[in-house]
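Per full-length UniProt numbering, residue 1 is the first one in the sequence shown, and the count goes up by one each step.
Presented below is the structure to which this report refers.
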Amino acid sequence: MTFSLHILVVATSTGKAFDRHWRNARTAASHNPLIYKERIIGDWEINGTEPPYVWQIGAGTK
1 MTFSLHILVV ATSTGKAFDR HWRNARTAAS HNPLIYKERI IGDWEINGTE
51 PPYVWQIGAG TK
């Protein structure tokens, strides 16, 4: 209950525009799921494949 209330307050607080940053964090987390990150790390550990160079949401170029 407390966690849900905290999320509600953070997601709707516009005084310092934290809502925008919270939405960005949630979007990045949902567009880069843990299983995708685990696959990249596993591929690097086992096969030596370099991780993709992406420093933003979406496709990046090197």
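Backbone N, C-alpha and C define an ideal beta-carbon position, used for all residues, glycine too.
DSSP-derived helix/strand/coil call for residue i
i, result
"Ala-17", "coil"
"Thr-27", "helix"
"Gly-42", "helix"
"Tyr-36", "helix"
Contacting residues, own chain, Cβ-Cβ under 8 angstroms from residue i (five flanking each side not counted)
i, result
"Trp-44", "Glu-50 and Pro-51"
Same chain, Cβ closer than 6 angstroms to residue i, neighbours up to 5 away in sequence not counted
i, result
"residue 102", "Given that the chain is displayed from residue 1 to residue 62, the structure contains no residue 102 and the question cannot be resolved."
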